[in-house]
Every structure is written in structure tokens, then in C-alpha cells.
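In our numbering, the protein residues as written are 72 to 357. Just so you know, even glycine gets a beta-carbon here, dropped at the ideal spot from N, CA and C.
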């Protein structure tokens, strides 16, 4: 109870300050309300940095030529928001999200893919189920495995189990994957031209935990440490384009009760805020 009340007090204080124009985003109580900050942070996963990476040497599209805003959720590329529960499988949700978008490009069908398939089967690639992982290794698994099942045939359990992949049920594949340099311009080019891109952020702050709306900007956010994987599904701006209120639109895996129906607007072009561009990657399907 006490924890809930303390958190409630913090949320109310933040929103009071926000009403005075101090923050630019609001907070609300949610499913994390009963957790202390320590308990919440213990849910964060280690996002290992990919070692050998294939990068595109420079943004080959001029930024001026890109649309000023993009939202793939409005174009049928993005499946409904899901809930990872007590398993640190954010990396698998971020990976399936990016593959779902590319499969939609390729086939015109939007299929929710199996997160559980990745949690159970990508250990040889270095992921560790509910403990830690990254999207890069998940792509590696799908590439080497030659396929990935759909949620329908390999449903999510929020815990680790034995690998039960059945090639007959494969509903997706990839041909290669690309890791982007840690730069918001590269991320913008990728999101504008490729579709949803998996990324990782510093989500360790209470302001992130109780985020409710507006453009998230947390002064204590790290620009290089990440502990939570998300899917970047678009970008845009609030007010006038010249105001500098730019944001990335990210899809989280904490259910629709968190944030803006499961999504967050996070500050864009503010020195790689919360390390949003540090570990971005996406699959290609030829």
C-alpha cells in the first residue's frame, strides 16, 4: 500500500508541475504502481551490444527528401500492442515487430509472429530467454533457422520453455539484417524508408514507468546505456515544425494500459535521448 501511495504522490506531483509547463509529458498510475523503483529496475534486461555489425556507411537518402512525419501504425504495418508480463522478453517483441512489418511489405498480410519461438529457441545465438537478449541475435536465429512461427501456432507463455519450432508452421523469414550506426539521422532514414525498426532505450526511470502521454524527455536519461527494447514505428512533431518538438513514436510491450494505448512519444533530435538510436536494427526480406 505504502509503495502505491508513494508512487501516486510522485505521479501527482509530476502532473502538477507539468500543468505549469515544466515537463511536456504526463504520468499516471498503472500496473507498475505496486513496485518500488528497485523492483521495477530489476525487470529491466541487459541488452548486449552486437559485435560484428553490418552497417550502411552513410544515410543514402537526403534527410530533406524524407517525409516530415511517418506513422506505420496507420498503414497496416503494425500488430496490436501486447504484454510481455514477468519475462524479460522485450527484445523478442521488438524483433517480431520489425519482422512483422517487413513481411507485410512483402506479402500484404499482417501476422502476429511468435515471440515464444524466439524466447525458447535463440539461445545458440546468445539470447537468454526471459533474462536478456537483443533483436540482432533474434534476427540471426530467424536467418539461420530459415523461419519463424506465428503466435497462433506457438503462443506466448511469458516464461522460458524447450524449443518447439516446427518448420511446417513457419510464417516468416528474413534474408539479412542491418545494424544502424548510433545516430538519429540514420534511424530517421531507416524508419522513413524501411518501416518499423527495433531499438533499445534507457527505460529505468520512474517517469518512463508511469508515462501517460506527451513527448517524453527525462533529464536523467542515458544517451548510451540501454535496458529495454522497443519498436520504432514512426516519428513526427507537435505544434509547428520549427518549434523543435520532435518525437519518435515507439511501440512498447507492456500492454495497452501503459502510455498512449501502449505507445510512447520520445524526444527526437535531442542528443540521442534515452539512447534511442544506439542499438537500432532491422531485417530485410528479398
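Nearest-angstrom Cα distance between residue i and residue j?
i	j	result
residue 351	residue 345	13 Å
residue 15	residue 190	Examination of residue 15 is not possible in this model, given that the chain is present from 72 through 357 alone.
residue 104	residue 79	8 Å
residue 296	residue 220	32 Å
residue 309	residue 279	20 Å
residue 125	residue 266	At residue 125, the pLDDT of 47 sits below 50, so the modelled position is not reliable; the number obtained from the coordinates is stated separately. Roughly 18 Å between the two C-alpha positions.
residue 339	residue 196	32 Å
residue 135	residue 228	44 Å
residue 258	residue 354	14 Å
residue 262	residue 237	32 Å
residue 167	residue 73	38 Å
residue 396	residue 170	Residue coverage of the chain in this structure runs from 72 to 357, which leaves residue 396 outside it and unanswerable.
residue 123	residue 299	Since pLDDT at residue 123 reaches only 40, below the 50 mark, its modelled position is unreliable, and the value read off the structure follows with that caveat. Going from the Cα of residue 123 to the Cα of residue 299 covers about 21 Å.
residue 312	residue 233	50 Å
residue 270	residue 255	11 Å
residue 102	residue 206	25 Å
residue 264	residue 76	45 Å
Could you check what DSSP says for residue i in three-state terms: helix, strand or coil?
i	result
residue 138	coil
residue 238	helix
residue 106	coil
residue 181	coil
residue 203	strand
residue 254	coil
residue 311	coil
residue 339	coil
residue 230	coil
residue 299	strand
residue 214	helix
residue 127	Unreliable placement is indicated for residue 127, whose pLDDT of 48 sits below 50; no coordinate value is reported for it.
Enumerate in chain order the residues of its own chain whose CB-to-CB distance from residue i is below 6 Å, with the five nearest sequence positions on each side excluded.
i	result
residue 140	307
residue 127	Bear in mind that a pLDDT of 48 at residue 127, under 50, signals an unreliable position, so the number given afterwards is only what the model happens to contain. Cβ neighbours of residue 127 beyond the five flanking positions: none.
Report all residues from its chain with a CB closer than 8 Å to the CB of residue i; omit the five preceding and five following residues, and keep chain order.
i	result
residue 342	294
Would you mind stating whether residue i and residue j have Cβ atoms separated by less than 8 Å?
i	j	result
residue 82	residue 110	no
residue 358	residue 244	What the structure shows of the chain is the stretch from 72 to 357, and residue 358 is not part of that stretch, so it cannot be assessed.
residue 165	residue 302	yes
residue 213	residue 322	no
residue 184	residue 235	no
So, at 7 Å on beta carbons, what are the nonlocal neighbours of residue i in its own chain, with the 5 sequence-adjacent residues on each side left out?
i	result
residue 157	229
residue 208	193, 196, 197 and 198
residue 273	292, 293, 296, 297, 298, 345 and 346
Is the segment 324-334 close to the segment 210-228, with three or more CB pairs under 8 Å? no
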